[in-house]
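Okay, so here's the structure we're looking at.
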Amino acid sequence: MFQSSSILLRTLVISAVVIAAFPVALVMASYVNSGYGLSVSQNEPVKFSWQDLQGVKHDFSDVEADATYLMFGFFSCSDICPIRVHQLQQLSQQLDQSNAAQDVRFLMVTIDPNNEPSELRARYFSQLSDRFISAELSPKALNEVQHTLGERVRSFADGPTHAGNLYLFDQNKELVKIYSQLSYPKGALYSDLTSTLLSDKGSL
Numbered sequence: 004m005f006q007s008s009s010i011l012l013r014t015l016v017i018s019a020v021v022i023a024a025f026p027v028a029l030v031m032a033s034y035v036n037s038g039y040g041l042s043v044s045q046n047e048p049v050k051f052s053w054q055d056l057q058g059v060k061h062d063f064s065d066v067e068a069d070a071t072y073l074m075f076g077f078f079s080c081s082d083i084c085p086i087r088v089h090q091l092q093q094l095s096q097q098l099d100q101s102n103a104a105q106d107v108r109f110l111m112v113t114i115d116p117n118n119e120p121s122e123l124r125a126r127y128f129s130q131l132s133d134r135f136i137s138a139e140l141s142p143k144a145l146n147e148v149q150h151t152l153g154e155r156v157r158s159f160a161d162g163p164t165h166a167g168n169l170y171l172f173d174q175n176k177e178l179v180k181i182y183s184q185l186s187y188p189k190g191a192l193y194s195d196l197t198s199t200l201l202s203d204k205g206s207l
């Protein structure tokens with residue numbers, strides 16, 4: 004369990020890095036260091052189109068949920084991606100155990116679509132539970148949404164590298180929280196979800 008002073012120091016450092024990477028439109032939003040992630044006050048929804056495992060196209064707004072977590076990743080990733088998926092699995096289990104009334108979805112966008120067929124993405128993500136959704140974007144849409152969110156991705160011969168951030172959106176698909184590549188105590192995401200996003204809608 005992190006000490007409170009350590010959490011604050013780490014959060015401040017990561018906040019500075021994340022804000023520096025953001026485009027002007029998002030930098031003009033209001034940022035608050037609270038909980039375990041970086042709180043973002045943004046009054047404009049993030050928009051992009053994506054394709055599901057069956058090849059059907061959707062808009063981000065089509066994901067009907069009180070809260071949506073968005074991550075970018077690829078399954079040959081050996082560091083942050085397995086951690087992120089595990090964090091989401093833990094959160095999903097906590098939501099099940101608490102009989103949460105709110106609907107929460109986890110959307111993973113592949114950044115290596117040429118090497119990740121739908122069968123692989125279904126096996127390692129979408130089949131975890133009904134909350135987990137695997138998505139593929141066109142190269143143009145992927146670049147645009149990554150630029151909007153400040154998610155830096157670089158391609159190398161042995162595979163891509165990326166920031167590994169986790170993004171929390173409310174039911175209107177407005178960004179409300181960003182989680183960096185830090186480790187969090189068990190239950191941290193659940194605590195943040197209840198205290199920062201759903202507090203005005205009743206407790207879980």
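Sequential numbering of the sequence shown, starting at 4, is according to our numbering. Think of the CB as a built atom: it goes at the ideal place given N, C-alpha and C, for glycine as much as any other residue.
Item	Value
Residues near G38 by beta carbon distance below 8 Å, same chain, minus five either side	K180, A191, S194, D195, S198 and T199
Inter-stretch contact at 8 Å, needing at least 3 Cβ pairs: the region 139-152 / the region 111-125	yes
Cβ neighbour criterion (16 or more within 10 Å) applied to S183	buried
Pick from V49, L41, S42 and G40 that is closest to Q174, judged by C-alpha positions	V49
Sequence-distant residues of its chain with Cβ nearer than 8 Å to S95 (five each side left out)	V107, F109, L131, S132, R134 and F135
Three-way DSSP call (helix, strand, coil) for V35 in this model	Only weak support exists for where V35 lies, its pLDDT of 49 falling under 50; the coordinates are left without a value.
Secondary structure of F63, DSSP reduced to three states	helix
Burial state of S42, where buried means 16 or more other Cβ atoms lie within 10 Å	buried
Cβ shell of K189 (< 8 Å), same chain only, five flanking positions each side left out	Q93
Spatially closest choice to M111 from H165, H89 and M74, by CA coordinates	M74
Beta-carbon proximity list for E177, same chain, < 6 Å, skipping 5 on both sides	Q45 and P48
R87 - DSSP class collapsed to helix/strand/coil	helix
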